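Engineer: Chains as they are written, first to last, in my numbering: chain A, 1 to 373; chain B, 1001 to 1373.
Don't be surprised by glycine CBs; every beta carbon is placed ideally from N, CA and C.
None of the values given here were measured: they were computed from a predicted structure.
(1) Spell out a yes or no on whether the stretch 57-74 of chain A and the stretch 1309-1324 of chain B are touching, meaning 3 or more CB-CB pairs, one atom from each, closer than 8 Å.
(2) Would you check if the distance between the CB atom of residue 96(A) and the CB atom of residue 126(A) is smaller than 8 Å?
(3) With 8 Å set as the bound, which would you pick, yes or no: does the beta-carbon of residue 101(A) sit closer than that to a beta-carbon of chain B?
(4) If you reduce the DSSP assignment to three classes, tell me which class residue 1244(B) lands in.
(5) Taking C-beta pairs closer than 8 Å, name the residues in chain B that residue 316(A) reaches, listed in chain order.
(6) Determine the chain A residues that contact residue 1375(B) at a beta-carbon separation under 8 Å, and present them in chain order.
(7) What residue range is occupied by the uninterrupted alpha helix (DSSP H) comprising residue 174(A)?
(8) What residues in the stretch 318-333 of chain A have a beta carbon less than 9 Å from any beta carbon of chain B?
(9) For my contact list, residue 1074(B) and residue 1120(B) are in at a C-beta cut-off of 8 Å; report their separation, rounded to the angstrom.
(10) List the residues of chain A that residue 1045(B) touches, going by C-beta distances under 8 Å, in chain order.
(11) What residues in its chain sit with their C-beta under 6 Å from that of residue 1077(B), if we drop five residues either side in the sequence?
(12) With DSSP as the reference, please indicate the residues paired to residue 9(A) in a beta bridge.
(13) Can you tell me whether residue 1294(B) is helix, strand or coil according to DSSP?
(14) For residue 48(A), does the count of other Cβ atoms within 10 angstroms reach 16, so buried, or fall short, so exposed?
(15) Taking DSSP's pairing of strands, which residues face residue 107(A) in a bridge?
(16) Who are the Cβ neighbours of residue 1330(B) in its own chain at under 6 Å, not counting the five residues just before and after it?
(17) Do residue 1347(B) and residue 1273(B) have their C-beta atoms closer together than 8 Å?
(18) Using Cβ-Cβ distances below 7 Å, what residues of the stretch 63-76 of chain A are close to chain B?
(19) Would you decide whether residue 26(A) is buried or exposed? Buried here means 16 or more other CB atoms lie within 10 Å of its CB.
(20) What separation, rounded to the nearest whole angstrom, lies between the Cα atoms of residue 1371(B) and residue 284(A)?
(21) Just checking: is the beta-carbon of residue 293(A) within a distance shorter than 8 Å of some beta-carbon in chain B?
(22) For residue 385(A), name the three-state secondary structure that DSSP assigns.
(23) Does the CB of residue 1297(B) have a neighbour CB from chain A at under 8 Å?
(24) Are the beta-carbon atoms belonging to residue 1030(B) and residue 1360(B) less than 8 Å from one another?
(25) Taking the C-alpha atoms as reference points, what is the distance between residue 1052(B) and residue 296(A)?
(26) What residues of chain B sit near residue 312(A), judged by a beta carbon separation below 7 Å?
(27) In angstroms, rounded to a whole number, what distance separates the CA positions of residue 1364(B) and residue 1353(B)?
(28) According to DSSP, which residues form a beta bridge with residue 1211(B)?
(29) Round the Cβ separation of residue 1089(B) and residue 1112(B) to the nearest angstrom and send it over; I've been treating them as touching at under 8 Å.
(30) Give me the DSSP bridge partner(s) of residue 1206(B).
(31) Once the 5 residues before and after residue 258(A) are set aside, which same chain residues still bring their CB inside 6 Å of it?
(32) For the candidate residues 1211(B), 1262(B), 1278(B), whose alpha-carbon lies nearest to that of residue 1269(B)?
(33) So what does DSSP say about residue 369(A), is it helix, strand or coil?
(34) Ordered along the chain, which non-local residues of its own chain (more than five positions away) have a Cβ less than 6 Å from that of residue 108(A)?
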């Protein structure tokens, strides 16, 4: 029986791979950046905007949707697809990351994790069974197993204990998962120790999932450490399953993880930067609050053809951003999501052409030499 | 010589009139609601959105644009049209209303008005000459003469003194105004005294403008008092010039002023309501924060075909509004501007058909019988 979500690899260049992710809500060329729709909306963008941009998989955050509006309402609406109006592929995280990063108080046990809601401080418990059921209600194409995401600098012993518990949780998630038309992905943890990563990988792949994520990176360690770990894990993941790197969204980082064979990745960075007035370009980041843009009547990014770059000047967008005008946030978000989506499209072409590495080096040189505001 | 902005009346029904407002940036069927783009943007909407909605004249606020980004930058960008990307007709107010409603300290003299900026408390002076020059820089199709807008309950003597000064200012504005392709409108003041309104009307029309606004109403007096004053002024304004009622945006009020022969009107109400979660319908206002919408999977307004009403449910929009999500504000703003634009279009048809009064009564009964949340 084919899994609801599967990947077809169409080209390789070193470890990098190009392919097509098949889901019940359509197929997505990979590698692909997944925009984060935290509360059931990619901030400021309509489903129509995302379609025009060519976005592939859209993320939803189980933690937030569990509290607002609640999984029952989303289920009654026909899942996140019916609720938000986005007809393309979706993925929900397990909520675990938010529990460990947002919650002030939490109590971890074999059973699960107890924590205080960031909304009203009330006490809740997430268990593998609960987060699986909630994600079934949300009804995305891809659900994630509940994992613990310890800080990179936690004790080695803690990481060992944690990854084993995460594997036991993953097994319970798989046991609990019954929704047809939805795939469940497992998550490899293990901090920055090669042997622990190896142990987590082997425990997780032994359970067997439709896809695998690499978690617990991009959480405070250096970029070098992050890539070191990923280079150990990624090539050892099952080659016929999608590989998801959790939490990378800066252009250089995106190319680094693609280079190591990752197919999909997500991050709030492009959308969050936009709301702070920063835009991504091939010459680096540009903060429109910088005084030099007040009278700059050139387009936002002359190399970009998106809505924000064709109808407006930097001076106007700078004004909107300074005045905290909704339209500024909307247009910059549009551009940034468009930019990383196009970057992935271009990366894919380079993998197919077999010159990914050379192209990536050129990109990296240009970005680091460019304007950084 | 034809004025840059002129009106062609095509049908009358009682005092109500239907027509076409001709401007250097296109013609607009009247009566017409003018959405307010305070700082050079109708909050959350692109020029493309406004075009799809069928918006006619877009307003800009001279007070705000004077401070941010400043008239020099707007002028260098090719005026508000070039700056904002809106290619249709525009109107700027004189900034006077904001000086009198926002400024904490102000000093009024024959010369003009001194006030503290709402942005940083610095002291500035607006004179008829300055606000005219600033509006020439902003370059809208219609500029407004600087007026004083006293509170409705000010002493009669104060109103008399004020309307005469406003007339002298209007004369200085006309004197100062040199920009071709831009029309200057005068403003009738006079509070709630019929004879003072008459005096202001006669002083203002004696100076002679391309169009006339009725100001100083909708500022705290009762609806009955407002309409009483308007019914004295409106029919006595030159029939061949556009008539602009300043500050009405609720559907019932819009129809009331149309009934009295007004061609154009503006108000932040539809856009501001939207940002607070309220939508306009023919059954009255609906606040999406109301608990009953959490599980309401019907469209926002079943009688409306706008973007917000075709792709989303009340439950989803209610969620967005509760979570203060940008997309909620954007979509509700879209609907409300669309609603009042359509209302004007329908009013126009009824004037042409000669049954405006009967239709308006039906509308009024339905709105007042409908849901008010």
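Structural biologist: Quick answer:
(1) Flag = yes, the stretch 57-74 of chain A and the stretch 1309-1324 of chain B touch.
(2) Judged by their CB atoms, residue 96(A) and residue 126(A) are nearer to each other than the 8 Å cut-off.
(3) No, residue 101(A) does not count as interfacial toward chain B.
(4) Looking at residue 1244(B) - three-state DSSP - the assignment turns out to be strand.
(5) Within chain B, the residues near residue 316(A) are 1040, 1077, 1083, 1084, 1085.
(6) No answer is possible for residue 1375(B): it lies beyond the span of chain B, which begins at 1001 and ends at 1373.
(7) From DSSP, the alpha helix (DSSP H) with residue 174(A) extends over 156-176.
(8) Within the stretch 318-333 of chain A, the residues whose Cβ lies closer than 9 Å to some Cβ of chain B are 318, 319, 320, 322, 323, 325, 326, 327, 328, 329, 330, 331, 333, listed in chain order.
(9) Incorrect: roughly 19 Å between the Cβ atoms, too far for contact.
(10) The CB of residue 1045(B) comes closer than 8 Å to the CB of 327 in chain A, given here in chain order.
(11) These residues qualify, in order along the chain: 1083.
(12) Partner(s): 19(A).
(13) Residue state, collapsed to three classes: coil.
(14) With fewer than 16 other Cβ atoms within 10 Å, it is exposed.
(15) Residue 107(A) is bridged to 114(A).
(16) Here residue 1330(B) has 1044 as same chain residues with Cβ atoms under 6 Å from its own Cβ, once five neighbours each way along the sequence are excluded.
(17) Taking 8 Å as the Cβ cut-off, residue 1347(B) and residue 1273(B) do not qualify as a contacting pair.
(18) Contacts with chain B (Cβ-Cβ distance below 7 Å) from the stretch 63-76 of chain A involve 68, 69, 73, 76, listed in chain order.
(19) Label assigned to residue 26(A): exposed.
(20) Any reading at residue 1371(B) needs caution, since the residue's pLDDT is 49, under 50, leaving its predicted position unreliable; the model's value is listed next. In a straight line, the C-alpha of residue 1371(B) is about 52 Å away from that of residue 284(A).
(21) Under the 8 Å criterion on CB atoms, residue 293(A) is classed as non-interfacial with respect to chain B.
(22) Outside the shown range of chain A, which is 1 to 373, sits residue 385(A), and nothing can be said about it.
(23) Yes, contact with chain A.
(24) Cβ distance not < 8 Å, so residue 1030(B) and residue 1360(B) don't count as in contact.
(25) Computed Cα separation, rounded: 29 Å.
(26) Within chain B, the residues near residue 312(A) are 1085.
(27) Answer to the nearest angstrom: the Cα atoms are 19 Å apart.
(28) Assignment of beta-bridge partners to residue 1211(B) by DSSP yields 1185(B).
(29) The beta-carbon separation of residue 1089(B) and residue 1112(B), rounded to 28 Å, does not stay under the 8 Å limit for a contact.
(30) Beta-bridge annotation (DSSP): residue 1206(B) is not paired with any residue.
(31) Result list for residue 258(A): 16, 31, 347, in chain order.
(32) In this structure, 1278(B) is the residue among 1211(B), 1262(B), 1278(B) with its C-alpha nearest to the C-alpha of residue 1269(B).
(33) Helix, per DSSP.
(34) The beta carbon of residue 108(A) lies closer than 6 Å to none in the same chain, with the five residues before and after it left out.
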